[in-house]
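K.L.:
Provided herewith is a single structure, encoded as structure tokens, for subsequent inquiry.
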Amino acid sequence: MPDATGLELIAQELRDLEPESILGTGFHRGRATLLANPVRIATILRHLRDKGYTFLASLHGVDYYPEEPRLGVLYELLDMNNVDRISVKARVDTEEPHIPTAIELFPGADFPEREVYDMFGVVFDGHPDLRRILMPEDYEGFPQRRDFPTGGEPVLFTYNEEQNYGKWQ
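Each residue of the sequence shown is one higher than the last, beginning at 337 in our numbering.
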């Protein structure tokens with residue numbers, strides 16, 4: 337993991353490559369994090385991949401309610417040769433929750449991006465098959481957002497209902 341100086345050097349490289357690409361840096365629980373401009377995420381991820389962070393270990397969504405920008409996408413990248421890790425965090429508004437896809441750089445981002453779309457409503461521009469992956473296609477809302485109502489919806493299991501009906505009585 338880059339130390340504070342190494343993290344700032346990476347951030348400066350990215351700023352030199354693409355001005356306004358990095359909005360900040362930080363350490364959280366000992367983990368180096370770049371706060372990225374979501375419009376520039378593809379450039380940032382490409383640069384980090386070319387530096388050796390070739391493995392996308394995790395891509396997930398976060399809801400920072402009530403803060404704005406509210407929704408976050410967190411990328412965990414590994415450098416397998418140097419046994420190094422860096423996090424990249426990008427935040428988007430709920431009004432326009434768009435961010436470029438990372439599939440061209442990391443093909444393994446396919447299903448995680450679909451899950452973040454399904455659960456948080458973040459749209460990954462350029463994704464080849466962006467549709468719900470966990471919830472039904474006609475489902476309304478995004479269940480992992482903090483303001484989503486909890487409970488009150490019955491879960492119906494109807495598969496084999498007629499065959500098993502007699503066993504349950």
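Quick reminder that beta carbons are idealized off the backbone N, C-alpha and C, glycines included. Remember, predicted model here, so these are calculated numbers, not experimental data.
#1: Run the CB neighbour count on valine 419, radius 10 Å, all protein chains shown included, and call it buried at 16 or more, exposed below.
#2: On a CA-only basis, which of Leu370, Val398, Leu466 is nearest glutamate 349? Give me that one, please.
#3: I'd like the list of long-range same chain contacts for valine 459, defined as Cβ closer than 8 Å, with 5 residues on each side in sequence excluded.
#4: Measuring alpha carbon to alpha carbon, tell me which residue in Leu359, Glu356, Phe363, Glu354 is nearest threonine 341.
#5: Does leucine 345 get closer than 7 Å to chain C when you measure Cβ to Cβ?
#6: Let me know the beta strand (DSSP E) ranges lying completely inside the region 372–445, each 3 residues or longer, listed in chain order.
#7: Applying the criterion that 16 or more other CB atoms from any shown protein chain within 10 Å of the CB defines a buried residue, is phenylalanine 447 buried or exposed?
#8: Alpha carbon to alpha carbon, how far is proline 472 from aspartate 352? Give it in angstroms, no decimals.
#9: Taking the beta strand (DSSP E) that isoleucine 358 belongs to, which residues open and close that run?
#10: In this structure, how does DSSP classify methionine 370 when only helix, strand and coil are distinguished?
#11: Does phenylalanine 478 pass the burial test, meaning 16 or more other C-beta atoms within 10 Å, or should it be called exposed?
#12: Would you call arginine 367 buried or exposed, if buried means 16 or more other Cβ atoms sit within 10 Å of its Cβ?
#13: Is DSSP giving aspartate 454 helix, strand or coil here?
#14: At what residues does the beta strand (DSSP E) containing aspartate 461 begin and finish?
#15: Thinking C-alpha only, which one of Arg481, Pro443, Pro355 is nearest serine 394?
#16: State yes or no: is the C-beta of serine 423 nearer than 6 Å to some heavy atom of the ligand GTP?
#17: For glycine 408 and tyrosine 475, I'd like the C-alpha separation in whole angstroms.
#18: Considering only the alpha carbon of each residue, which of Arg365, Arg385, Thr486, Arg450 lies closest to histidine 397?
P.N.:
This is what the structure gives:
#1: exposed
#2: Ranked by Cα distance from glutamate 349, the options Leu370, Val398, Leu466 are led by Leu370.
#3: Pro433, His434, Ile435, Tyr453, Leu466
#4: Minimum Cα distance to threonine 341 is reached at Phe363.
#5: Any reference to chain C falls outside this structure, which holds one protein chain only.
#6: 391–399, 407–415, 420–428, 434–436
#7: The residue is exposed, with fewer than 16 neighbouring Cβ atoms inside 10 Å.
#8: C-alpha separation (whole angstroms): 44 Å.
#9: Per DSSP, isoleucine 358 belongs to the beta strand (DSSP E) from 358–364.
#10: A small correction: the amino acid at residue 370 is leucine; methionine does not occupy that position in the sequence shown. DSSP, read as helix, strand or coil, puts leucine 370 in strand.
#11: buried
#12: exposed
#13: The three-state secondary structure of aspartate 454, taken from DSSP, is helix.
#14: 459–461
#15: Pro443
#16: The ligand GTP is absent from the structure shown, which contains no ligands of any kind.
#17: 22 Å
#18: This sequence places glycine at residue 397; histidine is not what is there. Measuring from the Cα of glycine 397, the nearest candidate turns out to be Arg450.
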